[in-house]
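Okay, so here's the structure we're looking at.
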Amino acid sequence: MPSTNQFYFPFPPHFVIVMLQTANSTSAPQTDLAFQRCINPTCGATYEANSVRTSCDKCGDLLDIDYEWDRAVLPKKLSEFEAMWNQRTNPVRFSGVWRFHELLPFVPQDKIVTVGEGQTLLQQTDSVGDYVGMNHGKLHLQYEGMNPSGSFKDNGMCAAVTHAAMMGAKRAACASTGNTSASLALYCSATRLMRAVIFIGSGKISYGKLSQALDYGALTVQIAGDFDDAMIRVKQVSQELGIYLVNSVNPFRLEGQKTIMFRILEALRWEVPDWIVVPGGNLGNSSAFGKAFSELKALGLIDRMPRLAVINASGADTLYELVERRGVRWNGGHVNMDPIREYNDLMDREGKKADTIASAIEINRPVNLKKCLRALDTMDGVVRQVSDQEILDAKAKVGAGGFGCEPASAASVAGAKLLRREGVIAPSDRVVCILTGHELKDPTATVAYHTTDQEVFNKTLGSRGVTKASHANRAIAVPNELDDIIKAIQLYS
Ligand code: F0G
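Numbering that gives the first Met the number 0 numbers the first residue of the sequence shown as 0 and each following residue consecutively.
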């Protein structure tokens with residue numbers, strides 16, 4: 000195994016530490032509780048946690064990580080997790096993912112990989128709330144862009160890389176619209192545990208994300224195709240070469256992503272919000288959120304479920320089409336596959352490709368579709384689509400009233416606004432929009448929105464049907480003369 004890097008703040012080696020016990024902490028979780036289970040109830044095949052799978056051997060369906068919860072050592076109430084806050088020198092408890100280890104106990108503490116992910120913020124904002132149409136105090140933004148690689152992916156990647164390391168993997172691969180690849184590349188460069196092999200569609204990834212993969216030293220394979228093509232190829236290649244796959248078909252990754260919900264509850268002092276609104280791409284997040292709340296409810300740690308809204312970009316709206324137009328439902332696990340097959344065939348016949356400025360969610364064949372249907376079922380969910388115009392306007396409002404986000408993330412705010420307009424969300428509801436990626440991931444889209452250069456606007460945004468930038472903050476051009484500069488500042492401020 001290559002030597003691991005060392006971090007000198009705020010704690011010693013990031014990789015592996017024995018948990019510190021305190022009087023208030025729960026005991027270290029047992030780790031023989033976890034197993035993999037096929038999500039198809041008529042199959043229900045189970046497999047050891049200590050095996051590498053991305054689908055059921057028997058029926059090909061997706062897999063969950065499940066636990067023998069009756070043997071688990073769990074807190075009696077969620078507020079007991081607050082005892083972890085005073086263990087910040089322990090990397091496991093410093094991590095915003097692993098401080099909830101008891102709720103994802105598939106690994107012993109001494110095998111956990113962490114780079115300090117999950118130090119994210121829940122912001123309550125009335126300026127964005129006004130834009131959405133909420134009563135004051137009711138709109139919250141969960142900034143997952145504050146993760147080490149700048150997106151929510153680190154929540155899941157630390158779990159997937161932990162499992163990959165447990166399995167002795169030397170290479171890990173993913174297809175990506177940019178954030179998964181940036182995250183995998185970071186975990187590989189920071190830990191030196193394995194080599195990252197990433198598949199990206201040509202011309203489909205924003206520079207911020209591409210630059211991360213290159214800088215972190217990932218083997219970067221650019222496919223002549225889009226994300227959906229790259230996803231098919233990475234599955235084939237990892238199977239053929241025995242490379243560990245970290246896309247969200249990997250059920251361990253979704254265990255890490257559950258913790259986004261735990262942190263939201265933590266920030267709301269363990270009160271359940273009314274709505275979680277999330278952009279939908281490959282549908283890993285929505286699937287993980289549904290699983291998180293179902294487990295908390297079954298364990299008696301919450302007393303009610305929030306509702307879920309998954310927001311597609313209108314140029315990549317497969318989930319919306321299937322759920323809201325073609326009536327596809329989870330149906331107790333007996334999903335009617337006919338409309339799904341028909342729609343996939345239609346996309347093939349018409350050569351329909353996903354197309355949106357929100358490149359992170361430019362996906363037409365979401366791999367976690369069935370799990371997302373399950374989450375929509377358990378969380379009484381809805382699906383909506385929003386245009387690139389709505390996404391960019393919402394993004395400008397998030398920038399002006401908060402800490403900013405990348406285009407795909409703003410789909411959640413645009414979606415909340417739409418659901419408010421429809422009356423599905425009430426102004427008095429407590430709403431949390433998940434901002435999945437950092438503002439700096441895609442500066443091209445941001446600058447094009449705020450630019451005074453019509454050519455730049457047309458090239459990047461006009462070509463996608465964006466006609467105006469109502470919330471643009473334009474730079475003012477002034478001659479290099481003191482008087483003119485002063486006059487301009489007096490005029491505009
Ligand atoms: N927002 C951002 C910023 C993303 O990067 C992604 C997914 C999503 C939303 C959608 O999340 O797949 O869980 O529904 N990006 C993947 C990638 C596909 O390759 O980085 P999802």
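By construction, the Cβ of each residue, glycine as well, lies at the ideal position given by its N, Cα and C atoms.
{"query": "Under 8 Å, do residue 164 and residue 104 count as touching if we go by C-beta distance?", "result": "no"}
{"query": "Leaving out five residues on either side along the sequence, give the residues of the same chain with a beta carbon under 6 Å from the beta carbon of residue 57.", "result": "42, 44"}
{"query": "Can the beta-carbon of residue 315 be found closer than 8 Å to that of residue 360?", "result": "yes"}
{"query": "Could you name the residues of the same chain whose beta carbon sits closer than 7 Å to that of residue 372, not counting the 5 residues immediately before and after it, in chain order?", "result": "327, 328, 329, 334"}
{"query": "Does the ligand F0G have a heavy atom nearer than 7 Å to the CB of residue 305?", "result": "no"}
{"query": "Count the other CB atoms within 10 Å of the CB of residue 297; is the residue buried (16 or more) or exposed (fewer)?", "result": "exposed"}
{"query": "Nearest CA to the CA of residue 137: which residue from 229, 264, 431?", "result": "431"}
{"query": "Can you give me the C-alpha to C-alpha distance between residue 106 and residue 162, rounded to a whole angstrom?", "result": "8 Å"}
{"query": "Kindly examine the ligand F0G and report whether one of its heavy atoms sits closer than 7 Å to the Cβ of residue 443.", "result": "no"}
{"query": "What residue does the beta strand (DSSP E) around residue 98 start on, and which one ends it?", "result": "From DSSP, residue 98 is part of no beta strand (DSSP E); its letter is neither H nor E."}
{"query": "Quick one: Cα of residue 9 to Cα of residue 94, how far?", "result": "Residue placement at residue 9 cannot be trusted, given a pLDDT of 38 that sits under 50; what the coordinates show is reported in the next sentence. Taking the straight line from one Cα to the other gives about 11 Å."}
{"query": "Express the C-alpha separation of residue 490 and residue 477 in angstroms, rounding to a whole number.", "result": "12 Å"}
{"query": "What did DSSP end up calling residue 47 once you bin it into helix, strand or coil?", "result": "strand"}
{"query": "Quick one: complete beta strand (DSSP E) runs, 3+ long, within the region 216-274?", "result": "218-222"}
{"query": "State the DSSP-derived secondary structure class of residue 185, mapped to helix, strand or coil.", "result": "helix"}
{"query": "Going by C-alpha distance, which of 313, 332, 278, 321 is nearest residue 307?", "result": "278"}
{"query": "Within the 8 Å Cβ cut-off, does residue 261 reach chain E?", "result": "Protein chain content of the structure displayed is limited to a single chain, and chain E is not contained in it."}
{"query": "Looking only at its chain, what residues have a beta carbon closer than 6 Å to the beta carbon of residue 447, apart from the 5 residues adjacent to it on each side?", "result": "455, 456, 459, 460"}
{"query": "Could you check whether the Cβ of residue 272 sits closer than 7 Å to any heavy atom belonging to the ligand F0G?", "result": "no"}
{"query": "Just to check, is the beta-carbon of residue 359 closer than 7 Å to a non-hydrogen atom of the ligand F0G?", "result": "yes"}
{"query": "How do the region 105-122 and the region 377-387 stand: do at least 3 beta-carbon pairs fall below 8 Å, yes or no?", "result": "no"}
{"query": "Can you tell me which of 395, 170, 240 puts its alpha carbon nearest to the alpha carbon of residue 192?", "result": "170"}
{"query": "Nearest-angstrom Cα distance between residue 88 and residue 199?", "result": "37 Å"}
{"query": "Please return the same chain residues whose Cβ sits closer than 6 Å to the Cβ of residue 0, not counting the five positions on each side in sequence.", "result": "Caution applies to residue 0, whose pLDDT of 37 falls short of 50 and renders its modelled position unreliable; the value that the coordinates give is listed next. No residues qualify anywhere along the chain."}
{"query": "When burial is assigned at 16 or more other CB atoms within 10 Å of the CB, is residue 378 buried or exposed?", "result": "buried"}
{"query": "Residues bridged to residue 433 by DSSP?", "result": "141"}
{"query": "Three Cβ pairs or more, each shorter than 8 Å: is that satisfied between the region 288-302 and the region 60-78?", "result": "yes"}
{"query": "Check whether the Cβ of residue 352 lies closer than 7 Å to any heavy atom of the ligand F0G, and answer yes or no.", "result": "no"}
{"query": "Beta-carbon within less than 6 Å of residue 59's beta-carbon, same chain only, minus the 5 sequence neighbours each way: which residues are those?", "result": "none"}
{"query": "Count the other C-beta atoms from every protein chain shown that fall within 10 angstroms of the C-beta of residue 35, then say buried if there are 16 or more, exposed otherwise.", "result": "buried"}
{"query": "Would you decide whether residue 462 is buried or exposed? Buried here means 16 or more other CB atoms lie within 10 Å of its CB.", "result": "exposed"}
{"query": "Taking all protein chains shown into account, decide if residue 135 is buried (16 or more other Cβ within 10 angstroms of its Cβ) or exposed.", "result": "exposed"}
{"query": "Does DSSP classify residue 37 as helix, strand or coil?", "result": "strand"}
{"query": "Under the assumption that residue 62 contacts residue 250 (Cβ atoms under 8 Å), give the Cβ distance between them as a whole number of angstroms.", "result": "5 Å"}
{"query": "Taking just the CA atoms, how far does residue 85 sit from residue 92?", "result": "9 Å"}
{"query": "Beta-carbon separation of residue 471 and residue 395 under 8 Å?", "result": "yes"}
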